[in-house]
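Here is the structure we will look at.
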Amino acid sequence: MTSDSAAFMFEEKSTTTNDEFFEISNTGDIMAVLNGWTVRKTTTGGVIFNGTFTSGEISAGSSVIISPDANSVKAMGATMILDAETMS
0 MTSDSAAFMF EEKSTTTNDE FFEISNTGDI MAVLNGWTVR KTTTGGVIFN GTFTSGEISA
60 GSSVIISPDA NSVKAMGATM ILDAETMS
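Residues 0 to 87, numbered by numbering that gives the first Met the number 0, are exactly what the sequence shown covers, in order.
Written out as structure tokens, the structure reads:
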């Protein structure tokens, strides 16, 4: 399995603070299982988010968006979204 992390994307003129997201793409030819993968957001002040996937899959050739507010990102037209707040 090969996976690539896309650039961090955000809505530059947003009026909310939770519509930031990132996308993980599986460029391989088999399904990527996300169990045990960790996502960490770090700033100069230290870690402010640290979560581990307990489930989730990315089909070969597909992508998934991860956001702290899945509903906000869905409103922008995205379809396959994992809510970062449900990670353990």
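We put the beta carbon where it would ideally sit given N, CA and C, even for glycine.
For residue 21, the enclosing beta strand (DSSP E) begins and ends at 21–25. According to DSSP, residue 49 shares a beta bridge with 39. Counting along the chain, the unbroken beta strand (DSSP E) around residue 64 starts and ends at 62–66. A direct Cα-to-Cα measurement between residue 27 and residue 61 gives close to 9 angstroms. For residue 69, the three-state secondary structure derived from DSSP is helix.
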